[in-house]
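Numbering (the working numbering), first residue to last: 82 to 416. Quick notes on the structure that follows.
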Amino acid sequence: MAHRFKPSQTFKDCDVTDESVYRDRRNVIKSLGFAGLGALMSQPASAFGWFTDDEEKKDTFRTRPLDFSVNENFKPDEVLTPEAKVTSYNNFYEFGTDKSDPVNNAQQFITEPWTLKVDGLVEKPLTLNYDDLFTRLALEERIYRLRCVEAWSMVIPWTGFQLSHLLAEAKPLSSAKYVAFKTLYDPEQMPGQRSRFTGGGVDYPYVEGLRIDEATHPLTMLATGVYGKSLPPQNGAPVRLVVPWKYGFKSIKSIVSITLTDKEPPTTWKRLAHREYGFYANVNPAVDHPRWSQASERRITSGGLFNQNRIPTRPFNGYEEVASLYAGMDLSKFY
Ligand SMILES: Nc1nc2c(c(=O)[nH]1)N[C@H]1C(S)=C(S)[C@@H](COP(=O)(O)O)O[C@H]1N2
Ligand SMILES: [Mo]
C-alpha cells in the first residue's frame with residue numbers, strides 16, 4: 082500500500098498501517114455495499130487503543146456510513162491520526178473536562194431529531210432537520226490538521242460541506258458582519274451543563290463566533306462526519322464547525338443555531354479567560370499562551386501518550402492562504 086510521508090519526519094510502521102487501514106477499509110466499503118457495513122463499522126477500534134492495544138472502546142453510538150466525494154485539494158502529506166484516537170481523546174466540556182469523558186459519557190446523546198437554525202441578519206432564515214444535514218448539500222471529505230490550544234494536534238478526515246454554501250442559501254444582508262454559533266443546551270443530556278464544577282466553569286450554552294469573511298472562507302467547514310461515517314457524539318454530532326487555521330476550541334460542536342449579526346459575538350473561552358483566549362484564536366507560534374508556549378505541538382499519531390512526535394507549529398496552522406484576511410492587523414493584539 083502506497084503511503085505518503087513528510088521527508089523531514091520519520092514514522093513508525095504502525096503509523097503507516099493506520100492510514101492504510103482507513104484507505105483499505107474505504108475500498109472494502111465500496112465493494113461490500115450497504116449490507117456489509119454494519120459488521121465492518123461495529124468492529125472495535127481497540128486495535129489502535131490510546132494507552133494499550135487491548136483497551137475496550139466504550140463507543141457504542143451508532144454512526145452511519147456517508148456518501149461523499151474526496152476533495153483532492155485537502156490531502157496533506159501527513160500521517161492521519163488513528164480513528165480510535167480522534168474519537169476517544171476529545172474536548173467536549175458538556176460531557177466532562179477530561180479527554181476521556183466525552184467518549185465515556187456521550188454515547189446516549191440523542192442527535193435525531195435535530196434542528197439547526199440559520200437566522201439573524203439574513204434574507205431567508207433556514208431551518209434544517211437531521212436529514213438535511215446529510216442531504217441538502219453534497220458532502221465531501223477533507224483532511225485537515227486540528228491544533229488544540231493545549232499544544233496537541235491531529236490530522237483528521239472530516240466529511241461535510243463548506244459553511245459558505247449554507248450561508249449563501251440564507252442570503253446574508255450586507256449589514257451582517259459576524260456569525261455566531263451556539264451548541265445545544267440540554268442539562269438533562271449533558272452532565273457538564275448541570276454545574277460549574279462538572280462543566281469546567283463554562284457558562285453554557287457553549288458559543289463561538291467568526292467574522293463573516295472567516296465564516297465564508299472556502300476552508301471553513303460544517304462537518305457532519307469523520308472517517309467516512311456520521312460524527313459520534315464526542316466529536317460533535319450531528320454537526321460541528323471546523324476552522325483549520327484556528328485553535329480547536331473555535332470548532333464548536335453539536336450546533337443548534339448559526340446567527341448572522343452586526344456585532345462581534347461573545348465566545349465561550351474569551352468570556353472565561355479573556356487574557357488567555359481571544360476572539361480570533363488564530364494558530365500562531367509567535368504568540369504564547371500566558372501559561373505555555375505555542376511554538377510547537379505534540380502530533381498525535383500511533384503509540385502511547387509519551388511516544389508522540391513534537392513538531393513546530395506553523396502560522397495559521399499551515400493554512401497561510403488565510404493570512405490576507407488579517408492584513409494590517411496586529412495579531413499579537415488580536416489573538
Ligand atoms: N460545544 C463544545 N464544542 C467544543 C468544545 C467544547 O468543550 N464544547 N471543545 C473545543 C475544543 S477545546 C477542541 S480542541 C475541539 C476538539 O474537537 P475533537 O474532539 O473533535 O478533536 O472541540 C471544540 N469544540
Ligand atoms: Mo482545544
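Glycine included, every Cβ here is placed at the ideal spot set by N, Cα and C. This structure is a prediction, so every number in the text was calculated from the model and none was measured.
Counting Cβ pairs closer than 8 Å, one from the region 189-201 and one from the region 215-228, do we hit at least three? No, they do not touch.
Residue 396 versus residue 365 - alpha carbon distance: Taking the straight line joining both Cα atoms gives about 5 Å.
Could you tell me the distance, in whole angstroms, from the CA atom of residue 227 to the CA atom of residue 298? Residue 227 and residue 298: Cα-Cα distance of roughly 17 Å.
My output table needs one value for residue 350: the three-state DSSP class, helix, strand or coil. Residue 350 carries a helical assignment under DSSP once its states are collapsed to helix, strand and coil.
Sequence ranges, alpha helix (DSSP H) only - wholly within the region 187-264, length at least 4: Here the runs fully enclosed are 211-216 and 244-251.
Report buried or exposed for residue 166, applying the criterion of at least 16 other Cβ atoms within 10 angstroms of its Cβ. Around the beta carbon of residue 166, 16 or more other beta carbons lie within 10 angstroms, which makes this residue buried.
Let me know if residue 191 comes out buried or exposed under the rule of 16 or more other beta-carbons within 10 Å of its beta-carbon. Classification of residue 191: exposed, given that the 10 Å Cβ count is below 16.
Just curious, the alpha helix (DSSP H) that residue 402 is in, first and last residue? That residue, residue 402, is in no alpha helix (DSSP H); it is neither H nor E in DSSP.
Say whether chain C places a C-beta atom closer than 9 Å to the C-beta of residue 343. Among the protein chains of the structure shown there is no chain C, as only one such chain exists.
Quick one: residues in its chain with C-beta nearer than 6 Å to the C-beta of residue 338, no 5 flanking neighbours on either side, listed in chain order? These residues qualify, in order along the chain: 198 and 263.
Could you tell me whether the Cβ atoms of residue 302 and residue 323 are closer together than 9 Å? Yes, Cβ-Cβ distance for residue 302 and residue 323 is below 9 Å.
Between residue 329 and ligand 2, is there a pair consisting of the residue's CB and a ligand heavy atom that are separated by less than 8 Å? It does: the Cβ of residue 329 is within 8 Å (strictly closer) of some heavy atom of ligand 2.
Return yes when at least one heavy atom of ligand 1 lies under 8 Å from the C-beta of residue 302, else no. Outside the cutoff, so no.
Give the straight-line distance between the Cα atoms of residue 183 and residue 269, rounded to the nearest whole angstrom. Roughly 15 Å separates the two Cα atoms.
Below 8 Å, how does it come out for the region 351-367 and the region 311-323: are there three or more Cβ pairs, yes or no? The region 351-367 is not in contact with the region 311-323.
Rounded to whole angstroms, what is the Cα-Cα separation between residue 418 and residue 255? Limits of the chain in this structure are 82 at one end and 416 at the other, which puts residue 418 out of reach.
Flag this pair as yes or no: are the beta carbons of residue 296 and residue 320 separated by less than 9 Å? Going by C-beta atoms, residue 296 is not nearer than 9 Å to residue 320.
Starting from residue 167 and walking both ways along the alpha helix (DSSP H), at which residues does that stretch end? Note, residue 167: alpha helix (DSSP H), 164-167.
Indicate, with yes or no, if ligand 2 has a heavy atom lying under 8 Å from the CB of residue 231. Remark: the C-beta of residue 231 is in contact range of ligand 2, defined as less than 8 Å to any heavy atom.
Please report how far the alpha carbon of residue 331 lies from the alpha carbon of residue 360, in whole angstroms. Computed Cα separation, rounded: 9 Å.
Inter-stretch contact (C-beta, 8 Å, three-pair minimum) for the region 220-240 and the region 147-158: Output reads yes: the region 147-158 touches the region 220-240.
With DSSP as the reference, label residue 365 as helix, strand or coil. Residue 365 falls in the coil class under three-state DSSP.
For residue 174 and residue 280, which I take to be in contact (beta-carbon distance under 8 Å), what is that distance rounded to the nearest angstrom? About 6 Å separates the two Cβ atoms, so the contact holds.
Less than 8 Å between the CB of residue 316 and some heavy atom of ligand 2, yes or no? Residue 316: no, Cβ never under 8 Å from ligand 2.
Identified DSSP bridge partners for residue 311: Beta-bridge annotation (DSSP): residue 311 is paired with 306.
Return yes when the C-beta of residue 390 is under 8 Å from any heavy atom of ligand 2, and no when it is not. Taking the Cβ of residue 390 as the reference point, every heavy atom of ligand 2 lies at 8 Å or farther away.
Contacting residues, own chain, Cβ-Cβ under 7 Å from residue 370 (five flanking each side not counted): Around residue 370: 230 and 357.
Please check the pair residue 162 and residue 140, which I expect to be a contact at CB under 8 Å, by giving their CB distance rounded to whole angstroms. Beta-carbon to beta-carbon, residue 162 and residue 140 are separated by about 16 Å, too far to satisfy the 8 Å threshold.
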